[in-house]
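Chains as they are written, first to last, in my numbering: chain A, 1 to 114; chain B, 115 to 224.
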C-alpha cells in the first residue's frame, strides 16, 4: 500500500504570494490532518478534514485554509504569505479519524518564504 | 487533550535498552496513550499505543502504570537509527487531531 504523499516537496515563495500544498492520503483513509513544524514552535496542529468536512481547527489565522475532496485528497492554502510561514508542512492520514487509530505522516512540504 | 510531560533529552548506548518516561497525571479514562517518533528530516512515525494493558510490537514495548498517570516506552536494544525525537501524546475523542509537546530527544552513542 502506498504511503501518504505530499507535493511539492520544496517550495520557495515571496511575501504576499499565496501557496497551495497537496496531500494524498493512504487509500481508504478518510481523515487528513495538517501540521506546521518550525524550530521555534515545534509541531502545531492546523486542521483536520474528515469526509470532506473540517472537523477540527487549530489556532492559526484565517490565511490558512484547506479542503478535502471526495477521493479524500486534501489541499491546504496559505494566502498573503509572511516570512514566519516558512516551515515544514506535514499531513497525516487516518482510516476513521479516531484517536484509537495510528496516524500516518507524509514526508512534508518545505516552504520557504523570502 | 490531556497534558504530557517528558524529559527534554536522554542518552543511550547502542544495543542497550532505553526507557523513555512520560507523565500524564490528568489522563481521562478513555484517553489512549500514543507514542510517535520523528527521525531527522522525516515526518513523524507511529511507534505504539495502548489504553490500559502493556503493549508490545516489533518496534517497542509500552508499559502503562496501573493508575495510568504515567507510561514508559521501552526500546529493547537501541540502534543508531533509533536516534530521534520521541513524542508521548494523548489524543482524545473521535478525532485525528494530535497535540505534540516538545518530546524527548534520544541520542544513541556507538
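Ideal Cβ placement from N, Cα and C applies to all residues, glycine included.
Just so you know, these numbers come straight off a predicted model, no measurement behind them.
message: What residue range does the beta strand (DSSP E) around residue 133 of chain B cover?
response: 132 to 137
query: What do you reckon, are the CB atoms on residue 26 of chain A and residue 93 of chain A nearer than 9 Å?
result: yes
task: Report buried or exposed for residue 10 of chain A, applying the criterion of at least 16 other Cβ atoms within 10 angstroms of its Cβ.
output: exposed
message: For residue 68 of chain A, tell me which candidate among A:21, A:110, A:103 has the shortest Cα-Cα distance.
response: A:21
task: Decide if the stretch 171 to 191 of chain B is in contact with the stretch 133 to 149 of chain B; the criterion is three or more beta carbon pairs, one per stretch, under 8 Å apart.
output: yes
message: Taking the beta strand (DSSP E) that residue 124 of chain B belongs to, which residues open and close that run?
response: 123 to 127
query: Hey, quick one: how far does the beta strand (DSSP E) through residue 148 of chain B stretch, first residue to last?
result: 147 to 152
message: Please tell me whether residue 64 of chain A has its Cβ less than 9 Å away from any Cβ of chain B.
response: no
- request: Could you please tell me which residues of the stretch 210 to 222 of chain B, in chain order, have their CB closer than 9 Å to any CB of chain A?
  value: 210, 211, 212, 213, 214, 215, 216, 217
- prompt: In the structure shown, what three-state DSSP assignment does residue 212 of chain B receive?
  reply: coil
query: Closest Cβ-Cβ distance between residue 158 of chain B and chain A: below 9 Å?
result: yes
query: CB-CB under 6 Å to residue 196 of chain B, same chain, minus the five flanking residues each way: which ones, in chain order?
result: 189, 222
- prompt: When you compare only the Cα positions, how much space is there between residue 52 of chain A and residue 72 of chain A?
  reply: 7 Å
- prompt: Using a Cβ-Cβ cut-off of 7 Å (strictly less than) and excluding sequence neighbours within five positions of residue 274 of chain B, which residues of its own chain qualify?
  reply: No statement about residue 274 of chain B is possible, as the shown extent of chain B runs from 115 to 224 and does not include it.
- prompt: Under the three-state reduction of DSSP, which class applies to residue 67 of chain A: helix, strand or coil?
  reply: strand
query: Would residue 2 of chain A be called buried (16 or more neighbouring beta carbons within 10 Å of its own) or exposed?
result: exposed
Residue 159 of chain B versus residue 128 of chain B: straight-line alpha-carbon distance, rounded: 21 Å
- prompt: Is DSSP giving residue 194 of chain B helix, strand or coil here?
  reply: helix
field: Proximity below 9 Å, CB of residue 47 of chain A to CB of residue 54 of chain A
entry: yes
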